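Colleague: Structure in structure tokens, see below.
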Ligand code: NAD
Ligand code: DAU
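Okay, here's the thing in structure tokens:
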């Protein structure tokens, strides 16, 4: 039985990856290592918690002793590393937390894997899941390719860029077998309502203002999270060692257009008069260092591995909105307590 470590599996993307691996690969023993920060939630993976090929481990990747001991205890065959501090606005408030988890935490995993595997790297794989934000901002034209130079602008993207560099350095210096992917904005179920789409869905449900940063003319490339999990599965199994793949949705939206679309769909679903939710749109102070546009050229993963998004944005958004409307209890639970303080601080 192969032993696979997935970090951050109680978070948004990680929970979809854990679910896919546990259900699709009964021959793998899947270990989900997560510190259960504000973004980690065992409710996200409740449906698989009793499966015999699944083990949850609560722990912090910043703790090097703990990480080393875990690798010694289980001698993992592969690692999929998703644990991270992931929200740009929080990185502006507390950059050091991002250095700790995203840089030191990644280093600890790299060291543990290198030390555990050094006798024989064959059939081992360290998969680092990263973001398109490492490339910085595009102007109105062009796409990020795997050769675009790194140019991060936020503490979050700088910490992710740093972790990517360390992964490559461990590959070059020690021969650690790695693959790396840089993905665009994900959306879907179990997305924490601090990020644009789930935040605005929750606010529309509760008739709260929709805080659009700046003039709203910022562009993101949106990918359905289950399509990201499919791509991650493919890269883990079929990606070439020491290669990077960009993953994206071929699906660019200006924030304000996306918000208007969300308002329209939500009005229909909630039986509200057309235009009701648009009245909630409020332009607020811009995010400092706000990147104008991200857009991915995903042709390498398409040509080399045959991946492309399986759902259209219309289908993905419909599924996502239905999920939130059918899971208001989940929304209520994650927006009680500390969330209220965060919201007050960020948007007051
Ligand atoms: P998330 O914030 O929803 O989840 C992160 C998870 O990591 C949580 O379960 C949290 O408890 C855990 N975690 C945080 N610090 C930890 C620590 N020190 N030790 C152990 N666990 C810890 O994040 P996400 O949106 O699911 O993103 C997952 C990964 O994908 C991240 O590496 C992120 O950079 C990358 N990514 C995200 C997106 C996106 O649109 N969300 C796009 C591209 C890449
Ligand atoms: O591109 C991939 C990245 O996408 C991931 O690496 C990050 O982990 C993920 O959080 C996401 O980063 P963004 O900063 O693009 O996502 P966010 O949902 O925070 O914001 C999307 C856009 O919406 C961005 O232009 C900022 C804007 N925005 C966001 C919030 C939370 C608003 O206008 N108002 C808001 O309240």
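Numbering (my numbering), first residue to last: 446 to 793. Don't be surprised by glycine CBs; every beta carbon is placed ideally from N, CA and C. Small disclaimer: the values here were computed from a predicted structure and weren't measured.
Could you check the C-alpha separation between residue 573 and residue 506 for me, to the nearest Å?
Modeller: One C-alpha to the other measures close to 14 Å.
Colleague: Within the present structure, is the beta-carbon of residue 574 separated from the nearest heavy atom of the ligand NAD by less than 7 Å?
Modeller: yes
Colleague: Our contact map puts residue 626 next to residue 680 with C-beta atoms below 8 Å; I'd like the distance itself, whole angstroms only.
Modeller: 6 Å
Colleague: Please state whether the Cβ-Cβ distance between residue 453 and residue 558 is less than 8 Å.
Modeller: With contacts defined as CB atoms closer than 8 Å, residue 453 and residue 558 fail to qualify as a contacting pair.
Colleague: Output yes or no for whether 8 Å exceeds the beta carbon distance between residue 548 and residue 608.
Modeller: yes
Colleague: Would you call residue 600 buried or exposed, if buried means 16 or more other Cβ atoms sit within 10 Å of its Cβ?
Modeller: buried
Colleague: Taking only the alpha-carbon atoms, compute the straight-line gap between residue 550 and residue 496 and give it to the nearest angstrom.
Modeller: 28 Å
Colleague: Give the DSSP-derived three-state secondary structure of residue 535 in the structure shown.
Modeller: helix
Colleague: State buried or exposed for residue 526, treating a residue as buried only when at least 16 other CB atoms are found within 10 Å of its CB.
Modeller: buried
Colleague: Give the DSSP-derived three-state secondary structure of residue 576 in the structure shown.
Modeller: Strand.
Colleague: Does the beta-carbon of residue 446 have 16 or more other beta-carbons within 10 angstroms, so that it is buried, or is it exposed?
Modeller: exposed
Colleague: When you compare only the Cα positions, how much space is there between residue 716 and residue 651?
Modeller: 14 Å
Colleague: Can you give me the start and stop residues for the beta strand (DSSP E) that residue 692 sits inside?
Modeller: 688 to 692
Colleague: Is the beta carbon of residue 615 less than 8 Å from the beta carbon of residue 623?
Modeller: yes
Colleague: How many Å lie between residue 474 and residue 569 at the Cα?
Modeller: 15 Å
Colleague: Between the beta-carbon of residue 727 and the beta-carbon of residue 699, is there less than 8 Å?
Modeller: no
Colleague: Excluding five sequence neighbours on each side, which residues of the same chain lie with their C-beta closer than 6 Å to the C-beta of residue 464?
Modeller: 493
Colleague: Does DSSP put residue 762 in a helix, a strand or coil?
Modeller: helix
Colleague: Comparing alpha-carbon positions, which option in 500, 537 and 457 lies nearest residue 604?
Modeller: 537
Colleague: On the DSSP bridge assignment, give the partners of residue 669 in chain order.
Modeller: For residue 669, which the question treats as bridged, DSSP gives the partners 632.
Colleague: Judging by CA-CA distance, which residue of 643, 577, 729 and 742 is the nearest neighbour of residue 695?
Modeller: 742
Colleague: Residue 755 to residue 740, Cα distance in whole Å?
Modeller: Taking the straight line from one Cα to the other gives about 18 Å.
Colleague: Are residue 701 and residue 676 close, meaning C-beta to C-beta below 8 Å?
Modeller: no
Colleague: With a 10 Å radius around its C-beta and 16 neighbouring C-beta atoms as the bar for buried, classify residue 760 as buried or exposed.
Modeller: That one is exposed.
Colleague: In this structure, how does DSSP classify residue 477 when only helix, strand and coil are distinguished?
Modeller: strand
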